[in-house]
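One structure is given below, encoded as structure tokens.
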Amino acid sequence: MSARHTSAAMLVVVAAVVQQLGAALAVTIFPTVGAVGIVASRFLVASVVLCILVRPRVRALSRRHWLTVVGLAVTMTSLSLLFYSASGRIPLGVAVTIEVCGPLVLSVVTSNRRSAWLWALMAFTGIVALAAAAGNLGDGRLPGYLFAAGAATAWAAYIMASSVAGPLFPGLDALAIATTLGALVMVPVAAVSGTAHATDSWPVLGTVIVVAFASTVIPHSMELVSLRRLPPSTFAVLTCLSPVFATVIGWLALGQQLSTIHYLAIALVTTASVGAVAHSPRRGTPSTGPPPNE
140 MSARHTSAAM
150 LVVVAAVVQQ
160 LGAALAVTIF
170 PTVGAVGIVA
180 SRFLVASVVL
190 CILVRPRVRA
200 LSRRHWLTVV
210 GLAVTMTSLS
220 LLFYSASGRI
230 PLGVAVTIEV
240 CGPLVLSVVT
250 SNRRSAWLWA
260 LMAFTGIVAL
270 AAAAGNLGDG
280 RLPGYLFAAG
290 AATAWAAYIM
300 ASSVAGPLFP
310 GLDALAIATT
320 LGALVMVPVA
330 AVSGTAHATD
340 SWPVLGTVIV
350 VAFASTVIPH
360 SMELVSLRRL
370 PPSTFAVLTC
380 LSPVFATVIG
390 WLALGQQLST
400 IHYLAIALVT
410 TASVGAVAHS
420 PRRGTPSTGP
430 PPNE
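When you line the sequence shown up against this note's numbering, it's residues 140 to 433, in that order.
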């Protein structure tokens with residue numbers, strides 16, 4: 140690998156770490172703000188920044204453009220709500236591991252290779268191991284696992300929506316418009332639910348702003364730069380390591396201790412994700428890039 144590719148690969152790793160740090164920060168304010176408040180505040184800040192930087196053109200959009208970007212906004216918003224609802228209830232590494240199964244299954248289903256199902260079997264084994272490690276779910280963790288499964292489904296839907304939006308919109312226009320639409324929906328919901336008042340505290344408001352930048356603006360900017368230097372296949376493989384980064388950051392930043400079975404399960408799912416991406420056909424396989432949620 141050339142020096143140019145090495146620096147780009149390191150940029151992808153840094154982007155993933157920053158994104159997981161943002162997710163860890165969100166976990167710290169989850170009891171105060173809740174998933175609705177986190178998503179509303181994050182989308183609001185991110186939409187303002189993206190619209191200033193991107194300046195998307197909305198006047199020339201056709202009905203097809205609007206339907207596409209609305210679908211993208213729905214999947215983005217659902218993905219964020221479900222992920223934050225999960226990570227507030229179960230360890231961050233576990234939530235991300237379950238979430239990454241969404242694009243993995245999508246990659247396997249859309250592949251014409253029978254060997255792809257071996258990676259699906261490996262991932263399924265990892266999920267079964269996670270379920271076994273969970274033990275008794277009567278202590279309120281069951282909703283967390285269900286939310287994570289929902290996030291996996293939403294991520295797969297987001298990949299399909301973004302694959303449609305990509306050719307229709309230049310640059311980051313689709314992301315900027317979809318984030319703005321998400322903010323227009325979530326901010327009133329947060330206001331009605333009362334979670335918006337939790338950001339009256341300066342420490343909480345500051346944390347929300349940092350989460351917005353760490354979850355969206357900074358990592359996506361880094362990823363755009365790296366994609367200009369790295370082959371898409373290499374980029375996809377590196378992003379499949381998200382469960383590992385989430386597990387380490389959950390341990391270091393949040394003190395989330397996992398069992399040996401947890402680590403084994405995370406290793407199985409991560410290996411399956413990398414294997415599915417590395418052995419996928421060059422054409423016709425949806426991208427398994429990072430979700431715009433954490």
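Virtual Cβ for every residue (Gly too), placed ideally from N, Cα, C.
Counting C-beta neighbours from all protein chains within 10 Å, is the total for residue i 16 or more, i.e. buried, or is it exposed?
{"i": "Gln396", "result": "exposed"}
{"i": "Leu206", "result": "exposed"}
{"i": "Arg143", "result": "exposed"}
{"i": "Met149", "result": "exposed"}
{"i": "Pro342", "result": "exposed"}
{"i": "Arg367", "result": "exposed"}
{"i": "Pro230", "result": "buried"}
{"i": "Ile191", "result": "exposed"}
{"i": "Gly227", "result": "buried"}
{"i": "Leu363", "result": "exposed"}
{"i": "Arg181", "result": "buried"}
{"i": "Ala404", "result": "buried"}
{"i": "Thr145", "result": "exposed"}
Where do the ends of the alpha helix (DSSP H) carrying residue i lie?
{"i": "Thr355", "result": "Here Thr355 belongs to no alpha helix (DSSP H), and DSSP marks it neither H nor E."}
{"i": "Cys379", "result": "That residue, Cys379, is in no alpha helix (DSSP H); it is neither H nor E in DSSP."}
{"i": "His418", "result": "Element bounds for His418: n/a, residue is neither H nor E."}
{"i": "Gly161", "result": "Ala142 to Val193"}
In angstroms with no decimal places, state the Cα-to-Cα distance between residue i and residue j.
{"i": "Thr287", "j": "Thr399", "result": "In the sequence as displayed, the identity of residue 287 is Ala instead of Thr. Going from the Cα of Ala287 to the Cα of Thr399 covers about 21 Å."}
{"i": "Ser186", "j": "Met325", "result": "12 Å"}
{"i": "Tyr284", "j": "Pro370", "result": "34 Å"}
{"i": "Val356", "j": "Leu269", "result": "32 Å"}
{"i": "Ser340", "j": "Gly173", "result": "14 Å"}
{"i": "Leu307", "j": "Arg203", "result": "9 Å"}
{"i": "Ser381", "j": "Ser141", "result": "24 Å"}
{"i": "Cys240", "j": "Ala291", "result": "6 Å"}
{"i": "Leu200", "j": "Leu320", "result": "15 Å"}
{"i": "Pro411", "j": "Ala322", "result": "A small correction: the amino acid at residue 411 is Ala; Pro does not occupy that position in the sequence shown. C-alpha separation (whole angstroms): 35 Å."}
{"i": "Ile266", "j": "Val244", "result": "12 Å"}
Fully enclosed by the stretch 306-350, which beta strand (DSSP E) runs are 3 residues long or longer?
none
Any chance you could list the beta strand (DSSP E) runs of at least 3 consecutive residues sitting entirely within the stretch 220-306, in chain order?
none
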